[in-house]
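Q: Sequential numbering from -12 applies to the sequence shown in our numbering.
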Amino acid sequence: YSVYQKIKNNYNLYDIHNLIAIRVIVDDIKACYHALGNIHSIYHPFNEKFKDYISLPRTNMYSSIHTTLFGPEERFVQAQIRTKDMERINNYGLTAYWHINKGLGRLKMQEDLTKKFQFVKSLNEINSLSIDNSEFVYNVKKELFNKNIYVYNAKGEVIELPEDSTPIDFAYRVDEYTGNKIISAFVNDELVALNHKLKNQDRIKIITADYSIGPKIEWIDQVKTVYAKRKIQEHYRNNKNNDLKK
């Protein structure tokens, strides 16, 4: 079906890299990367098409390693590497947890959703900041159903953000204090403006300072995440209330 969709969207057959696909099913995550190394030792990978959905699962919980190879007869071949449990979840979704984790399906599912899937954190943030159901639906569509980017923090952890997010969005995704006290940001080891638009695979380092007076009002129009916008608004509303009390 994915091939049909690409042809329907006028893709050149040469640019469709999963016309020939091989699925490799192994016992555990360590074996996935071992298999990847073995495959790359035989066939050269097309690095631009490498995707690691194990370290960063898709929002729909899909997990796998995809590597496109320069295969026999000058054809591209895609290898999809995953564990047996990943295969079940990819095919059956959340219901697979009850088969994989006998008697503990609900608990294991909740644990994975909380730890591995950043959209759950975003949903909780949007829910806590939305005034009513209509605002919640609007914010979810705006933030979660548009294109996302995946960037790295200083520890190499992957952070999911809406497209065109800024270092300010990144800082608030870390926590409220980091967002309120950010004074500068480095992207790929280069100092950038705080309204700089982040791109896929960027490495971000945030500099904070206790002496910072807090976010600037113009940041509201620069950030993309609902959480960042609302926290900046709260900061100014709280400061205004404090000034009135004086």
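The C-beta atom is built at its ideal place from N, Cα and C for all residues, glycine as well.
Please read all numbers here as calculations on a predicted model, not as lab measurements.
Taking Cβ positions, are Phe63 and His31 nearer each other than 9 Å?
A: Start at 1 with the first residue of the sequence shown, and residue 63 comes out as number 76. Start at 1 with the first residue of the sequence shown, and residue 31 comes out as number 44. Taking 9 Å as the Cβ cut-off, Phe63 and His31 do not qualify as a contacting pair.
Q: Can you check whether the CB of Glu147 is closer than 9 Å to the CB of Leu43?
A: The residue labelled residue 43 in the question sits at position 56 within the sequence shown. The residue labelled residue 147 in the question sits at position 160 within the sequence shown. Going by C-beta atoms, Leu43 is nearer than 9 Å to Glu147.
Q: My guess is that Ala196 and Lys168 are in contact by the Cβ rule of under 8 Å, so how many angstroms apart are they, rounded?
A: In the sequence shown, residue 196 corresponds to position 209, counting from 1. In the sequence shown, residue 168 corresponds to position 181, counting from 1. Confirmed, Cβ separation roughly 6 Å.
Q: Have a look at Gln65, Arg224, Cys19 and flag the residue whose alpha-carbon is nearest the alpha-carbon of Ala8.
A: Looking up residue 8 in the sequence shown gives position 21. Closest option to Ala8, Cα to Cα, is Gln65.
Q: Counting along the chain, where does the alpha helix (DSSP H) carrying His21 start and finish?
A: Here residue 21 corresponds to residue number 34 of the sequence shown, with the count starting at 1. 16 to 29 is the extent of the alpha helix (DSSP H) around His21.
Q: So what does Thr195 bridge to, in DSSP terms?
A: Reading the sequence shown from its first residue, position 208 is the one you call residue 195. Answer by DSSP bridge pairing, in chain order: Ile169.
Q: Does the distance from the C-beta atom of Asn187 to that of Ile136 stay below 9 Å?
A: Counting from 1 along the sequence shown, the entry for residue 187 is found at position 200. Counting from 1 along the sequence shown, the entry for residue 136 is found at position 149. For Asn187 and Ile136, yes; Cβs fall inside 9 Å.
Q: Please state the DSSP three-state secondary structure of Tyr137.
A: In the sequence shown, the residue the question calls residue 137 occupies position 150. Strand.
Q: Can you grab the Cα-Cα spacing for the pair Asp76 / Ile16, in whole Å?
A: One-based indexing of the sequence shown puts residue 76 at position 89. One-based indexing of the sequence shown puts residue 16 at position 29. With the sequence shown as reference, residue 76 is identified as Ile, and Asp is not the correct amino acid for it. Distance between the alpha carbons of Ile76 and Ile16: 14 Å.
Q: Assign Lys134 to one of two classes, buried (16 or more other C-beta atoms within 10 Å of its C-beta) or exposed (fewer than that).
A: Taking the first residue of the sequence shown as position 1, residue 134 is located at position 147. Exposed, since its Cβ has fewer than 16 Cβ neighbours within 10 Å.
Q: By DSSP, does Val161 sit in helix, in strand, or in coil?
A: Translated into the one-based positions of the sequence shown, residue 161 becomes position 174. Residue state, collapsed to three classes: helix.
Q: From Ile200 to His183, what distance separates their C-alpha atoms?
A: The sequence position of residue 200 within the sequence shown is 213, counting from 1. The sequence position of residue 183 within the sequence shown is 196, counting from 1. Looking at the two C-alpha atoms, the distance is approximately 21 Å.
Q: Per DSSP, which residues does Thr153 bridge with? Please list them.
A: In the sequence shown, counting from the first residue as 1, residue 153 sits at position 166. Answer is none; Thr153 lacks a bridge partner.
Q: Nearest by alpha-carbon distance to Lys142: which of Arg190, Thr165, Glu150 is it?
A: For the purposes of this step, residue 142 is taken as residue 155 along the sequence shown, with counting starting at 1. Here the closest residue by C-alpha is Arg190.
Q: Taking the C-alpha atoms as reference points, what is the distance between Ile219 and Glu74?
A: Locating residue 219 in the sequence shown gives position 232, counting from the first residue. Locating residue 74 in the sequence shown gives position 87, counting from the first residue. Each residue's Cα considered, the two are about 42 Å apart.
Q: Taking Cβ to Cβ, would you say Ile26 is nearer than 9 Å to Val11?
A: Working through the sequence shown from its first residue, we reach residue 26 at position 39. Working through the sequence shown from its first residue, we reach residue 11 at position 24. For Ile26 and Val11, yes; Cβs fall inside 9 Å.
Q: Give me the Cα-Cα distance between Leu231 and Glu221, rounded to the nearest whole angstrom.
A: In the sequence shown, residue 231 corresponds to position 244, counting from 1. In the sequence shown, residue 221 corresponds to position 234, counting from 1. Here Leu231 scores only 44 on pLDDT, less than 50, and its place in the model should not be relied on; the value that follows carries that caveat. So the two alpha carbons sit approximately 15 Å from each other.
Q: Thinking just about the alpha-carbon of each residue, which of Thr153, Gly166, Val161 is nearest to the one in Val174?
A: Numbered from 1 along the sequence shown, position 187 holds the residue referred to as residue 174. Val174 has its Cα closest to that of Thr153, out of Thr153, Gly166, Val161.
Q: In chain order, what residues of the same chain lie with their CB nearer than 7 Å to the CB of Ala158, ignoring the 5 residues before and after it?
A: Locating residue 158 in the sequence shown gives position 171, where the first residue counts as 1. Once the five neighbours on either side are set aside, the close Cβ partners of Ala158 are Thr165, Gly166, Ile169, Ile193.
Q: Take Val145 and list the residues in its own chain whose beta-carbon comes closer than 7 Å to its own, dropping the five residues that flank it on each side.
A: Translated into positions along the sequence shown, residue 145 becomes position 158. Correct list, in chain order: Ser42, Leu43, Tyr137, Tyr139.
Q: Which of the three DSSP states, helix, strand or coil, is assigned to Arg217?
A: By 1-based counting over the sequence shown, the position of residue 217 is 230. Note: Arg217 maps to helix in three-state DSSP.
Q: Do you know how far the Cα of Asn225 is from the Cα of Ala18?
A: If you number the sequence shown from 1, residue 18 lands on position 31. If you number the sequence shown from 1, residue 225 lands on position 238. Roughly 52 Å separates the two Cα atoms.
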